[in-house]
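Novice:
Protein chains: 4
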Amino acid sequence: MEIKVPHEVSVQALIGLGPVFLSYVISFLYVGIYWNNHHHLLQSVKVIDGSVLWANLFLLFWLSLIPFASGWMGENKFEGLTVTVYGVVLLGAALGYYVLTMSLLKRHREDSVIHIALGNTLKEHVSLFVYVMGLVGSFWFPRLAFALFSMVALMWLYPDKRIEKHYSDIERSSKGA
Amino acid sequence: MEIKVPHEVSVQALIGLGPVFLSYVISFLYVGIYWNNHHHLLQSVKVIDGSVLWANLFLLFWLSLIPFASGWMGENKFEGLTVTVYGVVLLGAALGYYVLTMSLLKRHREDSVIHIALGNTLKEHVSLFVYVMGLVGSFWFPRLAFALFSMVALMWLYPDKRIEKHYSDIERSSKGA
Amino acid sequence: MEIKVPHEVSVQALIGLGPVFLSYVISFLYVGIYWNNHHHLLQSVKVIDGSVLWANLFLLFWLSLIPFASGWMGENKFEGLTVTVYGVVLLGAALGYYVLTMSLLKRHREDSVIHIALGNTLKEHVSLFVYVMGLVGSFWFPRLAFALFSMVALMWLYPDKRIEKHYSDIERSSKGA
Amino acid sequence: MEIKVPHEVSVQALIGLGPVFLSYVISFLYVGIYWNNHHHLLQSVKVIDGSVLWANLFLLFWLSLIPFASGWMGENKFEGLTVTVYGVVLLGAALGYYVLTMSLLKRHREDSVIHIALGNTLKEHVSLFVYVMGLVGSFWFPRLAFALFSMVALMWLYPDKRIEKHYSDIERSSKGA
Chain A
6 MEIKVPHEVS
16 VQALIGLGPV
26 FLSYVISFLY
36 VGIYWNNHHH
46 LLQSVKVIDG
56 SVLWANLFLL
66 FWLSLIPFAS
76 GWMGENKFEG
86 LTVTVYGVVL
96 LGAALGYYVL
106 TMSLLKRHRE
116 DSVIHIALGN
126 TLKEHVSLFV
136 YVMGLVGSFW
146 FPRLAFALFS
156 MVALMWLYPD
166 KRIEKHYSDI
176 ERSSKGA
Chain B
6 MEIKVPHEVS
16 VQALIGLGPV
26 FLSYVISFLY
36 VGIYWNNHHH
46 LLQSVKVIDG
56 SVLWANLFLL
66 FWLSLIPFAS
76 GWMGENKFEG
86 LTVTVYGVVL
96 LGAALGYYVL
106 TMSLLKRHRE
116 DSVIHIALGN
126 TLKEHVSLFV
136 YVMGLVGSFW
146 FPRLAFALFS
156 MVALMWLYPD
166 KRIEKHYSDI
176 ERSSKGA
Chain C
6 MEIKVPHEVS
16 VQALIGLGPV
26 FLSYVISFLY
36 VGIYWNNHHH
46 LLQSVKVIDG
56 SVLWANLFLL
66 FWLSLIPFAS
76 GWMGENKFEG
86 LTVTVYGVVL
96 LGAALGYYVL
106 TMSLLKRHRE
116 DSVIHIALGN
126 TLKEHVSLFV
136 YVMGLVGSFW
146 FPRLAFALFS
156 MVALMWLYPD
166 KRIEKHYSDI
176 ERSSKGA
Chain D
6 MEIKVPHEVS
16 VQALIGLGPV
26 FLSYVISFLY
36 VGIYWNNHHH
46 LLQSVKVIDG
56 SVLWANLFLL
66 FWLSLIPFAS
76 GWMGENKFEG
86 LTVTVYGVVL
96 LGAALGYYVL
106 TMSLLKRHRE
116 DSVIHIALGN
126 TLKEHVSLFV
136 YVMGLVGSFW
146 FPRLAFALFS
156 MVALMWLYPD
166 KRIEKHYSDI
176 ERSSKGA
């Protein structure tokens, strides 16, 4: 993911980068959040099999398309079709993450760390719902659709109380307090 | 590996990306599968020496050429020569993986984890055979050759029962069940 | 981060790369130092929560803009506006690192490794001060401002006695000496 | 490091990539060998301080210039000046590796793993000697100089008996044989 260096040196050239920069910021958040969650998800995993491999590749595939979709959207100032394509990529990534989570849950016991940490999938369902709404809306109100997609990213930045609590418990018990 | 952003915003521009996208998908699968298998392969390794280093560099070299070969093929709509070059790169990577596997097997005892996991090399041999067939066919039927190469990628996505079984055993024994 | 290959082969073409090369060197140092410090910082961490995730993404965001800002500045021979933008990116990264450090300190006990290693934040405060001064000065004396930014990078390359001492202690005690 | 996709589809276009491909192969070997050795070097390290950080950044800096130097050389068919610059980059990387090794040796006890593994620095000295000779020769015989640089890469691919032996010993003792 990169922003192309403008040839000119002027405040106007910088302002002209606005849409590119905005789509860069949101896409950076998405990739950062997925990277972080993906890392945590696979860290607590003990069993990997074919369907987990499939789901993982599927997720990474959509994530790998974010720079393309983001660049096309930013360079064309959020024109309708580009926001639709961006939404399709985000929806694909969300589905990939969802399928990966489900594959992992199915292969671990009910009392495993991963079951406790991922028991509540409210955020995942809200995200999928907003993506579909944004996709439909992107034909008429592309900028509103992009605003919806941005709100999903911000929602995922909120601290997840369940996982936090879990980590604190480990910390406390490992210190014998 | 990346898809160049089109200048235009139109459904036609997206459709025009079709061949580029198709070669991107298959190349993504190849790199993902190799990356995954390579990771697993080296994880169970205890002894590394000069010939393993050689074989590893040889494999990574061919993998590093996939973006080039894939891009050239996609941008030229699967013209004969480009599919041939793509097949040569895939064959090179497959040979590198084969040599790496053999080097590792030679340096580990018969009852080591790596011997059990890699005892059966049917998939490897089928892949090499299809690559050679595809290469020969690419002069006359490049699209058919590409279809064959794609089928090899899909074949590797099938869960490998042997390794799965092995991992389940570890899981079970480590939980004392 | 990369330097574009010149079309011509001549000593003049190489000399013409001077400003690009200089900004590449300093940016390389910045990214290298942050990468190193970031790695050490997160290695001694036991508790991660939402605000640490936020601060981490915020830091990585500004670091990801260094190639853009550095390239623009180098290709335009340190023109005023480009140095200002470069300074904003460095300041953003420094703030991100500062917030990340503070988040981590708040979540660990007073006697934890991370508190001992990061107790003294003199360098951090000097850096922030120089960035702000450089930013103000960049409108009138962009080259002087860049020189100030370079001095901050060099300051961070100085061995940090506190951490060194700490590591030596671990080494010594683990060897029973 | 990448090879630019040619616009044309023809055997001539492929042959025209010859010099680019050759410089890509040798540069790939260099980066691969350094990456491998660097990884092994830092793995057996217990103490890191300021001068190790310096040396490490210095080495990575020169390695980061290899794609630039390699691309310039390949696209200009090994013209004199481009081979000289390539040699300067290789010499810089070799010096960085040498300084890093020396910093690490100085900070570890005489009987540590790293002292045993790196006791003999013949290869390092031969490499430095050949780089200097190649650099001088590159003004008159650039292709001969490139051949010398390539031979250094091949020399490093030879199995290093000392390290191999060491690893086998660990393996054997850990298996109780």
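Protein chains in written order, with my numbering: chain A, 6 to 182; chain B, 6 to 182; chain C, 6 to 182; chain D, 6 to 182. Note that CB positions come from ideal geometry on N, CA and C, so glycine has one too.
With a threshold of 8 Å between beta carbons, is residue 143/C in contact with chain A?
Specialist: Closer than 8 Å: no.
Novice: Determine, for residue 163/B, whether the minimum Cβ-Cβ distance to residues of chain A falls below 8 Å.
Specialist: So, interface residue.
Novice: Do you know offhand how far residue 31/A's Cα is from residue 155/A's?
Specialist: Computed Cα separation, rounded: 6 Å.
Novice: Candidates 163/C, 18/C, 112/C, 59/C: which alpha carbon is nearest residue 128/C's?
Specialist: Per the Cα distances, 163/C.
Novice: Hey, quick one: how far does the alpha helix (DSSP H) through residue 148/D stretch, first residue to last?
Specialist: Residues 147–162.
Novice: Rounded to a whole number of angstroms, what is the C-alpha to C-alpha distance between residue 134/A and residue 103/A?
Specialist: Rounded to whole angstroms, residue 134/A to residue 103/A spans 13 Å at the Cα level.
Novice: Could you check the C-alpha separation between residue 46/B and residue 80/C for me, to the nearest Å?
Specialist: Whole-angstrom Cα-Cα distance: 44 Å.
Novice: Would residue 87/A and residue 25/B qualify as a contact pair, given that the criterion is a beta-carbon distance under 8 Å?
Specialist: Cβ atoms of residue 87/A and residue 25/B: not closer than 8 Å.
Novice: Residues of chain B with CB closer than 7 Å to the CB of residue 65/A, please, in chain order.
Specialist: What residue 65/A touches in chain B: 37.
Novice: Pull up the distance between the alpha-carbon of residue 101/B and that of residue 65/B, whole angstroms please.
Specialist: Going by the C-alpha atoms only, they are around 8 Å apart.
Novice: Any C-beta of chain B sitting closer than 8 Å to the C-beta of residue 129/D?
Specialist: False, the Cβ-Cβ gap to chain B never drops below 8 Å.
Novice: Three or more C-beta pairs closer than 8 Å, one from the stretch 83–99 of chain D and one from the stretch 135–144 of chain D: is that the case here?
Specialist: Verdict: yes, contact present.
Novice: Taking the straight line between their C-alpha atoms, what separation do you get for residue 57/D and residue 73/D?
Specialist: The alpha-carbon atoms of residue 57/D and residue 73/D are separated by roughly 26 Å.
Novice: At which residues does the alpha helix (DSSP H) containing residue 87/D begin and terminate?
Specialist: Taken as a continuous stretch (DSSP letters only), the alpha helix (DSSP H) holding residue 87/D covers 85–111.
Novice: Would you kindly work out how many angstroms separate the C-alpha atoms of residue 34/C and residue 17/B, rounded to a whole number?
Specialist: Near 45 Å, if we compare the C-alpha coordinates of residue 17/B and residue 34/C.
Novice: Please classify residue 133/B: does DSSP put it in a helix, a strand, or coil?
Specialist: Residue state, collapsed to three classes: helix.
Novice: Quick one: what's got a C-beta closer than 7 Å to residue 54/B's C-beta in the same chain, skipping five residues either side?
Specialist: Excluding residues within five positions, the ones whose Cβ falls inside 7 Å are 112.
Novice: Hey, how far is the Cα of residue 41/D from the Cα of residue 161/D?
Specialist: Rounded to whole angstroms, residue 41/D to residue 161/D spans 11 Å at the Cα level.
Novice: Is DSSP giving residue 125/A helix, strand or coil here?
Specialist: Coil at residue 125/A, not helix or strand.
Novice: Measuring only the C-alpha atoms, how far is residue 125/B from residue 82/B?
Specialist: Each residue's Cα considered, the two are about 37 Å apart.
Novice: Would you say residue 14/B faces chain A, with C-beta separation under 8 Å as the test?
Specialist: Chain A, which has a Cβ nearer than 8 Å to the Cβ of residue 14/B, makes this yes.
Novice: I want to verify the contact list: residues of chain C whose CB lies under 7 Å from the CB of residue 8/A, in sequence order.
Specialist: By Cβ distance, chain C contributes 73.
Novice: So which residues on chain C does residue 115/D lean against when the C-beta distance must stay under 7 Å?
Specialist: By Cβ distance, chain C contributes nothing, its closest Cβ being about 13 Å from residue 115/D, past 7 Å.
Novice: Taking residue 125/A as the query, report the chain C residues whose CB atoms sit under 9 Å from its CB, ordered along the chain.
Specialist: The premise fails here: residue 125/A is roughly 16 Å from chain C at the closest Cβ pair, so nothing lies under 9 Å.
Novice: Based on Cα-Cα distance, which residue from 71/A, 151/A, 59/A, 43/A lies nearest to residue 158/B?
Specialist: Ranking 71/A, 151/A, 59/A, 43/A by Cα distance to residue 158/B puts 59/A first.
Novice: Show which residues of chain C have a CB atom less than 7 Å away from the CB atom of residue 33/A.
Specialist: Neighbours of residue 33/A on chain C, chain order: 66, 69.
Novice: Could you confirm whether any beta carbon from chain D is found closer than 8 Å to the beta carbon of residue 100/B?
Specialist: Residue 100/B does not count as touching chain D.
Novice: Determine the extent of the alpha helix (DSSP H) in which residue 72/A is found, giving its start and end residues.
Specialist: Its alpha helix (DSSP H) spans residues 71–80.
Novice: Exposed or buried, residue 10/B, counting other C-beta atoms within 10 Å across all chains shown (16 or more means buried)?
Specialist: The residue is buried, with at least 16 neighbouring Cβ atoms inside 10 Å.
Novice: Can you give me the C-alpha to C-alpha distance between residue 44/B and residue 90/C, rounded to a whole angstrom?
Specialist: In a straight line, the C-alpha of residue 44/B is about 41 Å away from that of residue 90/C.
Novice: Taking DSSP as the reference, what is the three-state secondary structure of residue 8/C?
Specialist: In this structure, residue 8/C counts as coil in the three-state DSSP scheme.
Novice: Which residues in the same chain have their Cβ closer than 6 Å to the Cβ of residue 67/C, if we skip the five residues on either side of it in sequence?
Specialist: The answer, listed in chain order, is 94, 97, 98, 101.
Novice: With distances taken between CB atoms, is the gap from residue 28/A to residue 78/A smaller than 8 Å?
Specialist: Yes, these two residues count as a Cβ contact at 8 Å.
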